[in-house]
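In the working numbering, the protein residues as written are 150 to 384. Glycine included, each C-beta is placed from N, C-alpha and C at the ideal position.
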Ligand code: BV8
């Protein structure tokens with residue numbers, strides 16, 4: 150028997166690459182996705198970075214430039230409107246490393262980091278990344294040429310997990326938008342929310358590996374189904 154629905158006071162939304170697809174940014178696992186052109190092991194792991202610093206910097210320099218030019222689409226704008234106009238709390242957690250939520254006016258928790266930020270592997274300093282980073286780019290804090298994109302690679306610990314888990318345990322509605330549900334721990338968030346008594350909904354172009362974990366589904370392109378969903382929530 151599904152849980153009696155609690156009054157809707159807090160919404161947690163997880164977004165993935167599918168949200169930015171219509172802004173022209175490649176997803177990861179769709180046929181023409183980013184990973185189709187690169188092996189994850191080579192460009193999104195610490196081992197791949199250690200093996201070939203230049204290749205990984207080139208991969209992220211290209212994405213940083215593309216992301217800087219990309220416009221937010223109606224889905225990003227609708228989520229910003231929801232954050233602004235919803236009478237309760239709307240927490241946006243994104244796996245995306247682009248800045249499109251912020252361009253649309255949202256605040257988002259970047260659990261996999263951001264293309265626009267740089268990290269020093271030597272002293273852990275973080276700063277706004279230059280558009281092009283190279284293996285020789287010195288850290289502005291310690292001077293060591295040990296700089297890397299401030300993104301969370303496979304095998305690394307996602308950012309803000311304690312805050313995210315707290316939000317999942319105290320929300321009334323959890324929505325996953327444009328994510329294939331193949332990468333953990335993000336793919337497990339729906340279970341956390343469900344166990345805490347939240348209603349759950351998945352918005353995606355297709356069914357995913359985790360669709361059966363959700364109470365409700367909206368199928369279609371994010372730029373169409375997300376504004377409709379936000380209109381329903383704002384009544
Ligand atoms: C960790 C940053 C420990 C870099 C990324 C075996 C089993 C289970 C887990 C593991 C395992 N072996 C290893 C693991 C752990 C591993 C993992 O999950 N591996 C997977 C591949 C099996 N995870 C990790 O290593 C993570 N760390 O586990 O640490 C830990 C755990 C908990 C607490 C403490 C410590 C770190 C993972 C982070 C990796 N970094 N990105 C970068 O971006 O370059 S992941 C990368 O994939 C992106 O962040 C991306 O967001 C993420 C997930 O992809 P999606 O966003 O879902 O995108 P995808 O292309 O897959 O899907 C697009 C979807 O959109 C599709 O469903 C499509 O239908 C839809 N779509 C397309 N167009 C549209 C659309 N929907 C609507 N409208 C459209 N127009």
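Residues of its chain near residue i, where Cβ-Cβ distance is below 7 Å and the 5 sequence neighbours each way are ignored
i: residue 340; result: 362
i: residue 193; result: 302 and 303
i: residue 284; result: 202, 203, 206 and 294
i: residue 150; result: A caution first: residue 150 carries a pLDDT of 46, below 50, which makes its placement in the model too unreliable to give a value.
Spatial neighbours of residue i in its chain, beta-carbon cut-off 6 Å, leaving aside the 5 residues before and after
i: residue 233; result: none
i: residue 252; result: 221
i: residue 168; result: 224, 326, 327 and 371
i: residue 191; result: 197
i: residue 209; result: 298
i: residue 248; result: 265
Under 8 Å between C-beta atoms of residue i and residue j
i: residue 261; j: residue 307; result: yes
i: residue 325; j: residue 297; result: no
i: residue 127; j: residue 275; result: Because the chain is modelled from 150 through 384, residue 127 falls outside the range shown and cannot be assessed.
i: residue 374; j: residue 352; result: yes
i: residue 170; j: residue 327; result: yes
i: residue 164; j: residue 286; result: no
i: residue 382; j: residue 204; result: no
i: residue 162; j: residue 246; result: no
i: residue 392; j: residue 255; result: The structure shown does not extend to residue 392, since the chain is modelled only from 150 to 384, so the question has no answer here.
Beta-carbon separation (whole angstroms), residue i vs residue j, contact threshold 8 Å
i: residue 318; j: residue 237; result: The Cβ separation is near 16 Å, so there is no contact.
i: residue 282; j: residue 206; result: 5 Å
i: residue 348; j: residue 321; result: 7 Å
Spatial neighbours of residue i in its chain, beta-carbon cut-off 8 Å, leaving aside the 5 residues before and after
i: residue 358; result: 329, 330, 331 and 336
i: residue 312; result: 258
i: residue 457; result: Because the chain spans 150 through 384 in this model, residue 457 falls outside it and cannot be assessed.
Proximity test, Cβ basis, 8 Å: residue i and chain B
i: residue 254; result: In summary, chain B is missing from the structure at hand, where a single protein chain is found.
Between the stretch 217 to 227 and the stretch 283 to 298, do three or more beta carbon pairs fall short of 8 Å?
Fewer than three beta-carbon pairs drawn from the stretch 217 to 227 and the stretch 283 to 298 are found closer than 8 Å, and the two stretches are therefore not classed as touching.
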